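To start, the structure itself, in structure tokens.
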Amino acid sequence: MEFENFVIASTHLSFIPGFNIAQLHKVSKWLRQFDKPAMIAGDLNLPPAILHKSTRWTSLTRSKTYPKWGPRTQLDYFLVDEPSAWGTINELPAPSLTISDHLPLLLDCGIA
């Protein structure tokens, strides 16, 4: 979704190794065409170590989100291409929901 000062994409990437990285690269490339700060939010099905080797985007959240009943890793993210563009960032407590096997993420941020 494009806004005046930024663009954001929400996604749920494949759980198949390699496919999810290819999908992330396609979304990243698509967002770069807007020439403004960009964010990718959603279930990327990538643990942090693999994510950080696969992209230069920065995660604004650090919470472990999977599995919901005993979170051991982060698979869900708010990624940005220009961290300094987002001003104050606050990860908020997320509500307890029963609709997913992942914990939700909630973020309060603005454009600097």
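Counting from 24, one number per residue, gives the positions in the sequence shown under my numbering. All C-beta atoms in this analysis are idealised placements derived from N, C-alpha and C, irrespective of residue type, glycine included. Values in this document were obtained by computation on a predicted structure and should not be read as measured data.
Worksheet item: If you check the beta carbons only, do residue 102 and residue 89 fall under 7 Å apart?
Response: No, they are not a contact pair.
Item to complete: Find out if the Cβ-Cβ distance for the pair residue 36, residue 68 is shorter than 7 Å.
Response: Result yes, Cβ atoms of residue 36 and residue 68 sit closer than 7 Å.
Worksheet item: Would you call the region 35 to 49 and the region 65 to 85 in contact, with 3 or more CB pairs under 8 Å?
Response: Counting Cβ pairs under 8 Å, three or more are found: they touch.
Discussion item. Cutting at 8 Å between CB atoms, please list the residues of its own chain near residue 106, excluding the five before and the five after it.
Written reply: The residues 81, 83, in chain order, have a CB closer than 8 Å to that of residue 106 in the same chain once the five nearest residues on each side in sequence are set aside.
Worksheet item: What is the rounded straight-line gap between the Cα of residue 125 and the Cα of residue 85?
Response: Their backbone Cα atoms lie some 14 Å apart in a straight line.
Practice prompt. With a 10 Å radius around its C-beta and 16 neighbouring C-beta atoms as the bar for buried, classify residue 66 as buried or exposed.
Written response: Residue 66 comes out buried.
Item to complete: Drop a sphere of 10 angstroms on the beta-carbon of residue 157, count the other beta-carbons inside from all chains shown, and report buried for 16 or more, exposed for fewer.
Response: This structure does not reach residue 157, given that the chain is present from 24 up to 135, and the question cannot be answered.
Worksheet item: What are the boundary residues of the beta strand (DSSP E) that residue 68 is part of?
Response: For residue 68, no beta strand (DSSP E) segment is defined, and its DSSP state is neither H nor E.
Worksheet item: What did DSSP end up calling residue 43 once you bin it into helix, strand or coil?
Response: Of the three classes helix, strand and coil, the one that applies to residue 43 here is helix, per DSSP.
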